[in-house]
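Number 334 marks the last residue of the sequence shown (my numbering); no jumps. Note that beta-carbon positions come from the ideal geometry of N, C-alpha and C, so glycine has one too. Here the structure is laid out as structure tokens; the discussion comes afterwards.
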Amino acid sequence: MGRLPKFTVADIKGVQGYPPTPAKEGADDPRARDTVDLDETERMIRQLIADGVDSIATNGTLGEMATLTLDEWKAFAATAWETARSIDPDYPLFVGATTLNTRDTLDRMRFLHDLGVPGVLLGRPMWSEMTVQGMVRFYRDVAETFPDMNIIVYDNTAAFRGVIPTAAYAALAEIPQIIAVKYAGGAAIGFRYHHDLQAVRGKIRLMLIETIWFMAYSLYPEESPACWSSTVACGPWPVLYLRDSIQAGRLEEARWVSERILWAHEPFLVSQDFTEFARYNTPLEKMRFNEAGYIKAGPSRPPYTFDIVPEKYVEGVREHVRRWKQVIEEVRQRTAARAAS
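Right, dumping it as structure tokens:
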């Protein structure tokens, strides 16, 4: 690698996918080791790229960073990167490297750097809530140690004990390795997002989830050319249709598919009660991926296993996926009709 990162903020556009870490049968046993399904990992990365997902970030919450052993994480990271690189050496793949402290994070990044991985998805340490000063110092220390690696800041209000304050965003924007944020905005676009956009001054892409991407784009088209999406792991076509509609200026189509995406998510717990969802985040996500059938996600690793999830939330997953499959078919029909016209 050279001394400058491979990507800039301009490279973060379209849909950034957040897939799971596929697990072998029996991975929910606390005594299990070597649980990563590497064959499915390779197939998953190939499928997402072939279907048109613009970039991929791995090993956040639903990517089970918290429950993989170090050896499992290394095996997954190497397989994901070698697969992406074999397809396109310049594909934007960001591997999660979040740990509980700076030194362990640097060790993980050193492993990725040696592999040639161009960037990381990186949350801050969260055992104790961090101050603005602590957040900025953490990311600055990491960036100075690996100046040729890009950073996607991973934010999650439940995992990291609150939002990243606007003052922190203003300081993070001065770290050139940071090019985007998996923005934790919840269900609305309001003053916080507005102020954070002003604070980063176009130097960092604040990516919202696909369900509210069109709302953000309607207000901030120049600042919002990208979204993040874990739902692409249920079949990416509605989200890609949204991207294509936005990029082509077909805003009524973008509005239509956004409404359908929201409708499909109505039964899913995350759309109803985020605090409650956060208690079951990983198993609920892996349940819906398995139910959708696009990726064989496998079991959820302990202690966040499927059996802890109340049945009413499982039913919500089933209805959510049923609706998602309906939206996929609607998108297929509209795409075919457009091609025939």
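Own chain residues within Cβ distance below 6 Å of residue i, not counting five before or after
i: residue 314; result: 281, 284 and 285
i: residue 110; result: 74 and 88
i: residue 90; result: 98, 101, 102, 113 and 115
i: residue -6; result: Note that residue -6 scores a pLDDT of 42, beneath 50, so its modelled location is shaky; the value from the coordinates is reported in the next line. The answer, listed in chain order, is 141.
i: residue 77; result: 38, 84 and 86
i: residue 260; result: 309, 312 and 313
i: residue 270; result: 262 and 263
i: residue 123; result: 117
i: residue 214; result: none
i: residue 162; result: 189, 192 and 193
i: residue 45; result: 233
i: residue 42; result: 80
Nearest-angstrom Cβ-Cβ length linking residue i and residue j, presumed shorter than 8 Å
i: residue 324; j: residue 225; result: The pair is not a contact, with the Cβ atoms about 13 Å apart (cut-off 8 Å).
i: residue 316; j: residue 256; result: 6 Å
i: residue 130; j: residue 172; result: Actually they do not touch by this definition, with Cβ atoms about 19 Å apart.
i: residue 387; j: residue 200; result: Absent from the structure is residue 387, since the part of the chain shown begins at -6 and ends at 334.
i: residue 222; j: residue 11; result: 7 Å
i: residue 196; j: residue 2; result: 6 Å
Per-residue DSSP class, three states only, for residue i
i: residue 326; result: helix
i: residue 113; result: strand
i: residue 127; result: helix
i: residue 198; result: strand
i: residue 306; result: helix
i: residue 293; result: coil
i: residue 66; result: helix
i: residue 156; result: coil
i: residue -5; result: Note on residue -5: pLDDT 49, under 50, position unreliable in the model; no value is reported.
i: residue 317; result: helix
i: residue 166; result: coil
i: residue 276; result: helix
i: residue 120; result: coil
i: residue 1; result: coil
i: residue 231; result: helix
i: residue 265; result: coil
i: residue 238; result: helix
i: residue 36; result: helix
i: residue 208; result: helix
i: residue 333; result: helix
i: residue 55; result: coil
i: residue 80; result: helix
i: residue 94; result: coil
i: residue 254; result: helix
i: residue 61; result: coil
i: residue 42; result: helix
i: residue 298; result: coil
i: residue 338; result: Since the first and last residues shown for the chain are -6 and 334, residue 338 lies out of range.
i: residue 213; result: coil
i: residue 287; result: coil
Option in the options with minimal Cα separation from residue i
i: residue 185; options: 159, 172, 167 and 288; result: 159
i: residue 86; options: -2, 62, 25 and 99; result: -2
i: residue 219; options: 318, 203, 228 and 227; result: 203
i: residue 335; options: 268, 175, 125 and 207; result: Residue 335 cannot be examined here, being either before or after the span of the chain that is shown, -6 to 334.
i: residue 205; options: 196, 198, 197 and 217; result: 217
i: residue 96; options: 132, 4 and 327; result: 132
i: residue 287; options: 198, 192, 18 and 40; result: 40
i: residue 292; options: 241, 3 and 57; result: 57
i: residue 320; options: 25, 227 and 54; result: 227
i: residue 49; options: 266, 81 and 154; result: 81
i: residue 17; options: 10, 11 and 27; result: 27
i: residue 72; options: 45, 108 and 43; result: 108
i: residue 239; options: 267, 209 and 146; result: 209
i: residue 64; options: 54, 25 and 42; result: 25
i: residue 126; options: 252, 66, 55 and 164; result: 164
Beta-carbon contacts of residue i that lie in its chain and below 8 Å, excluding the five residues immediately before and after
i: residue 156; result: 148, 150, 177 and 185
i: residue 295; result: 21, 22, 23 and 60
i: residue 69; result: 14, 29, 31, 34, 51, 52 and 61
i: residue 327; result: 234 and 246
i: residue 306; result: 262, 273 and 277
i: residue 93; result: 118, 119 and 120
i: residue 105; result: 70, 74, 88, 90, 113 and 142
i: residue 182; result: 201, 205, 208, 209 and 212
i: residue 152; result: 54, 116, 119 and 271
Residues bridged to residue i (per DSSP)
i: residue 222; result: 10
i: residue 147; result: 175
i: residue 89; result: 114
i: residue 50; result: 87
i: residue 136; result: Answer is none; residue 136 lacks a bridge partner.
i: residue 16; result: 29
Contacting residues, own chain, Cβ-Cβ under 7 Å from residue i (five flanking each side not counted)
i: residue 170; result: -2, 136, 140, 142, 143 and 144
i: residue 194; result: 166
i: residue 7; result: 47, 219 and 236
i: residue 311; result: 284
i: residue 297; result: 60, 275 and 276
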